[in-house]
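Visitor: This is the structure, below, for whatever I ask next.
2 protein chains.
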Amino acid sequence: MSGSVRIYEVSMRDGFQNEPVVIPTEQKLEHLQGLLRAGFRDIEVTAFVRPSWVPPLADAAQVVAALPDAPGVRFWALVPNAVGLNRALDSGLRHVATFLSASEAHNKKNVNRTVTESLSELQQVIAKARAEGVQVRAYLSTVFGCPFEGDVPIERSVVIARALLDAGAQEIALSDTIGSGNPVQVKHVVEAMLAAGIGVEQLAMHLHDTRGTALANAYSAWQEGVRTFDGCIAGIGGCPYAPGAAGNAASEDLVNMFELMGVDTGVNLGAACEVAETVTEVIGKPLPGRYHKYLLAARRRSANRSA
Amino acid sequence: MSGSVRIYEVSMRDGFQNEPVVIPTEQKLEHLQGLLRAGFRDIEVTAFVRPSWVPPLADAAQVVAALPDAPGVRFWALVPNAVGLNRALDSGLRHVATFLSASEAHNKKNVNRTVTESLSELQQVIAKARAEGVQVRAYLSTVFGCPFEGDVPIERSVVIARALLDAGAQEIALSDTIGSGNPVQVKHVVEAMLAAGIGVEQLAMHLHDTRGTALANAYSAWQEGVRTFDGCIAGIGGCPYAPGAAGNAASEDLVNMFELMGVDTGVNLGAACEVAETVTEVIGKPLPGRYHKYLLAARRRSANRSA
Chain B
45 MSGSVRIYEV SMRDGFQNEP VVIPTEQKLE HLQGLLRAGF RDIEVTAFVR
95 PSWVPPLADA AQVVAALPDA PGVRFWALVP NAVGLNRALD SGLRHVATFL
145 SASEAHNKKN VNRTVTESLS ELQQVIAKAR AEGVQVRAYL STVFGCPFEG
195 DVPIERSVVI ARALLDAGAQ EIALSDTIGS GNPVQVKHVV EAMLAAGIGV
245 EQLAMHLHDT RGTALANAYS AWQEGVRTFD GCIAGIGGCP YAPGAAGNAA
295 SEDLVNMFEL MGVDTGVNLG AACEVAETVT EVIGKPLPGR YHKYLLAARR
345 RSANRSA
Chain E
45 MSGSVRIYEV SMRDGFQNEP VVIPTEQKLE HLQGLLRAGF RDIEVTAFVR
95 PSWVPPLADA AQVVAALPDA PGVRFWALVP NAVGLNRALD SGLRHVATFL
145 SASEAHNKKN VNRTVTESLS ELQQVIAKAR AEGVQVRAYL STVFGCPFEG
195 DVPIERSVVI ARALLDAGAQ EIALSDTIGS GNPVQVKHVV EAMLAAGIGV
245 EQLAMHLHDT RGTALANAYS AWQEGVRTFD GCIAGIGGCP YAPGAAGNAA
295 SEDLVNMFEL MGVDTGVNLG AACEVAETVT EVIGKPLPGR YHKYLLAARR
345 RSANRSA
């Protein structure tokens, strides 16, 4: 094996929040058990956002209250602001993820604030979380393209990432929010971050597969030394700007690619695909991930042969 | 733009031959018109194989007889052997593609010959084609993995590729037949070919997307200098070893990735997606390609908004 990568699983948050069906808490917890059996060690389980904004995650407190004892596993929740952080702290969680956009128009649409206003608020949120001994990741959205502004200058993303780290964030998830990134651009963005003195171990890639480029982009970032990749079982979640298009990079597809490359993910591919198959039934439609469908097809063929 | 790539379109052969529906000749020719409108310049239009083996391509002679006049476009046909070559020559085609496998078990299953027997036969086929002034490409299957033998030593592929070029083939399409390749392996394979004195302009990549890795593998080959990539509109064709899994790299997804990278493909992405939408209707099921589905979803959203 040539090294390892860390797959940060986001299906329970970024996946479930963007699917039209509201999944009962009980089923979410079964899904979580599947993720744990598969070996995921970083799992974003929900978001402490206003329930009326994101109804599928309205059960955030119940999900966190029911989290199993899982040594070595980090359970994360998304918190948009101080109110969200307080709810997360009350719930007892020790890992939070916050977010803002690199582009003004997307940030305005998303949280109705300028980037500067968001940054100033997040600096306090991050400082408070760190003061409580809580780990903090920060998503930086629209780094690779904005649905409203198009191209986003790399220098903007570098400055904001730097500010988030200075505020105490321990990881920046460079996010291809609409899946418009390409591997050459990924290389340039990561290079620019490193040139600004950001450590490669402080970076994660959050890559949507809207146009099929997520794995190519992941490979490009891996070549630059990035070792943390967000994945979403079966690629659920879709794209809020193009409903019906593919979602995040499928966790099992990332696992397969890295393991084929000789890179350890710590995840059992077969067990991850079992979760993908179950969530396909729960959501009730074919999902974008490739590997779980390949496995199902290969199994059907083999069953037909032996019949 | 930083250079260009050539997209070699295989939907009419590798796509149609692996779909359960037999498409009428007339519809194939309409599909071809769409490919030409989109700007594809290398199009594999059919295969001169035994009709009983591949019923969807039984109309090979009719398709070739009806090819439009298209200056600057190369129309290719697959020929498995001397009989196939003669049929292609009789049809008037000036570009043929032949094939054999890097692994013994796959070659045996595919054409019921050892690799040495196939190579010896193809040497004559290639020599005759070249003597007639016909251009020859050769697919080398299972370079990145065999459905029966698993790993295939790179040295085998290098030796066979060398022999095919020595026989007069002008291009070797390194084929990931079952989509089990990974980008690090692609890098190693291309490096080994170049180290054996093969010119990078003699190489093409034929990458199936069974496990979602086709674009990552294409990017890796591009980094090594390869500039010809096989694509199949909408990713049709599937995988003969796992029916229901994804097919070839979708042409429009390749076009999108390269164009985003600033690499010219000569193909109009919107026009390619129109072909993808039409072929989706013809085949009658959702197809694996990502970009055409994204475009459709984005258009629907925009229509809903203006409604």
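Going down the list, the protein sequences come from chains B and E. Take the first sequence: its position 264, counted from the start at 1, is 308 in my numbering, and no numbers get skipped. Take the second sequence: its position 191, counted from the start at 1, is 235 in my numbering, and no numbers get skipped. Where a beta carbon is used, it is the ideal one built from N, C-alpha and C, also for glycine.
Could you list the residues in the stretch 245–271 of chain B with a C-beta less than 8 Å from some C-beta on chain E, going in chain order?
Guide: Cβ contacts with chain E come from D253, T254, R255, G256, T257, L259, A260, A262, Y263 and S264.
Visitor: Using 8 Å as the Cβ pair cut-off and three pairs as the minimum, do the stretch 323–334 of chain E and the stretch 303–313 of chain E touch?
Guide: Flag = no, the stretch 323–334 of chain E and the stretch 303–313 of chain E do not touch.
Visitor: Tell me which residues of the stretch 289–303 of chain B have at least one Cβ-Cβ distance to chain E shorter than 8 Å, keeping chain order.
Guide: If the cut-off is 8 Å between Cβ atoms, the stretch 289–303 of chain B has A289, A290, A294, D297, N300 and M301 near chain E.
Visitor: So, under 8 Å CB-CB, E:A114 and E:A104 are touching, yes? Tell me the CB distance rounded to an integer number of Å.
Guide: So it is not a contact: roughly 18 Å between Cβ atoms.
Visitor: Look at the alpha carbon of B:T254 and the alpha carbon of E:L259, and state the distance between them as a whole number of angstroms.
Guide: The straight-line gap from Cα to Cα measures roughly 13 Å.
Visitor: State whether the stretch 79–87 of chain E contacts the stretch 336–348 of chain B, with contact taken as three or more CB pairs (one from each stretch) at a distance under 8 Å.
Guide: No, the stretch 79–87 of chain E does not touch the stretch 336–348 of chain B.
Visitor: Which of the three DSSP states is assigned to E:T324 in this structure?
Guide: Residue state, collapsed to three classes: helix.
Visitor: DSSP state of B:C317, grouped into three classes?
Guide: The answer is helix: DSSP assigns B:C317 an H, G or I state.
Visitor: Identify which residue in E:R334, E:D195, E:H252 and E:G194 has its Cα closest to the Cα of E:A217.
Guide: When only C-alpha atoms are compared, the closest one is E:H252.
Visitor: Quick one: is B:M305 near chain E, going by C-beta distance under 9 Å?
Guide: By this cut-off, B:M305 is an interface position.
Visitor: Assuming B:E296 contacts B:C317 under a Cβ cut-off of 8 Å, what Cβ separation, rounded to an integer in Å, is found between them?
Guide: That pair is a contact at about 5 Å.
Visitor: Can we say the stretch 140–157 of chain E touches the stretch 93–113 of chain E, given the rule of at least three CB pairs closer than 8 Å?
Guide: Contact fails: fewer than three Cβ-Cβ distances are below 8 Å.
Visitor: Quick check on B:A342 - is its C-beta less than 9 Å from some C-beta in chain E?
Guide: Closer than 9 Å to some Cβ of chain E, the Cβ of B:A342 qualifies, so yes.
Visitor: Just curious, the beta strand (DSSP E) that B:L251 is in, first and last residue?
Guide: B:L251 -> beta strand (DSSP E) spans L247 to L251.
Visitor: Thinking B:G136 and B:R85 are a contact (beta carbons under 8 Å), I'd like their distance in whole angstroms, please.
Guide: Actually they do not touch by this definition, with Cβ atoms about 19 Å apart.
Visitor: Closer than 9 Å, CB to CB, is E:G194 near chain B or not?
Guide: For E:G194, the answer is no, since every Cβ of chain B falls outside 9 Å of its Cβ.
Visitor: Relative to chain E, which residues along the stretch 323–339 of chain B have a C-beta separation below 9 Å, given in chain order?
Guide: Residues passing the 9 Å Cβ filter: P330, P332, G333, R334, Y335, K337, Y338 and L339.
Visitor: Are there 16 or more other CB atoms within 10 angstroms of the CB of E:P100, so buried, or fewer, so exposed?
Guide: E:P100 comes out buried.
Visitor: Quick check: is the beta carbon of E:C283 nearer than 9 Å to any beta carbon in chain B?
Guide: Chain B, which has a Cβ nearer than 9 Å to the Cβ of E:C283, makes this yes.
Visitor: If you drop the 5 nearest sequence neighbours on each side, which residues of the same chain put their C-beta closer than 7 Å to that of E:F119?
Guide: Cβ neighbours of E:F119 beyond the five flanking positions: I87, V89, L111, L137 and H139.
Visitor: What would DSSP say about E:L120, mapped onto helix, strand or coil?
Guide: Note that residue 120 of chain E corresponds to Trp in the displayed sequence, not to Leu. Three-state result, E:W120: strand.
Visitor: By the criterion of Cβ-Cβ separation under 9 Å, what are the contact partners of B:N226 in chain E?
Guide: Near B:N226 (Cβ distances below 9 Å), the residues of chain E are Y263, N300, M301, F302, E303, L304, M305 and G306.
Visitor: Is the beta carbon of E:K231 less than 9 Å from the beta carbon of E:E268?
Guide: Yes, the Cβ-Cβ distance between E:K231 and E:E268 is below 9 Å.
Visitor: Would you report the Cα separation of B:A207 and B:L340, rounded to the nearest angstrom?
Guide: Rounded to whole angstroms, B:A207 to B:L340 spans 45 Å at the Cα level.
Visitor: Determine the DSSP secondary structure at B:G194, reduced to helix, strand or coil.
Guide: B:G194: strand per DSSP, three-state reduction.
Visitor: Closest to B:E215 by C-alpha separation, out of B:G281, B:M249, B:S164 and B:P287, would be which residue?
Guide: The shortest Cα separation from B:E215 among B:G281, B:M249, B:S164 and B:P287 belongs to B:M249.
Visitor: Cβ closer than 7 Å: which chain B residues qualify as neighbours of E:G287?
Guide: As written in the sequence, residue 287 of chain E is Pro, which differs from the Gly given in the question. Chain B residues near E:P287: A341 and R345.
Visitor: Within 10 Å of its beta-carbon, does E:A239 have 16 or more other beta-carbons around it, so buried, or fewer, so exposed?
Guide: The residue is exposed, with fewer than 16 neighbouring Cβ atoms inside 10 Å.
Visitor: Can you tell me whether DSSP reads E:R85 as helix, strand or coil?
Guide: Correct three-state label for E:R85: coil.
Visitor: Does the beta-carbon distance from B:N279 to B:A294 come in below 9 Å?
Guide: It should be pointed out that residue 279 of chain B corresponds to Gly in this sequence rather than to Asn. Against a cut-off of 9 Å, the Cβ pair of B:A294 and B:G279 comes out as a contact.
Visitor: Have a look at E:F188, E:G212 and E:D274 and flag the residue whose alpha-carbon is nearest the alpha-carbon of E:G223.
Guide: Of the listed residues, the one whose Cα sits closest to E:G223 is E:F188.
Visitor: Could you check if B:V127 is buried or exposed, using at least 16 other CB atoms within 10 Å of its CB as the buried criterion?
Guide: Exposed, since its Cβ has fewer than 16 Cβ neighbours within 10 Å.
Visitor: Hey, is E:Q229's beta-carbon within less than 9 Å of any beta-carbon in chain B?
Guide: At least one chain B Cβ lies under 9 Å of E:Q229.
Visitor: How long is the line joining the alpha carbons of B:S264 and E:S55, rounded to whole angstroms?
Guide: Rounded to the nearest angstrom, the two C-alpha atoms are 28 Å apart.
Visitor: Grab the span of the beta strand (DSSP E) containing B:S185 for me, first residue to last.
Guide: Residues Q179 to S185.
Visitor: Closer than 9 Å, CB to CB, is B:G353 near chain E or not?
Guide: Residue 353 of chain B falls outside the range modelled here, since chain B spans only 45 to 351, and no answer is possible.
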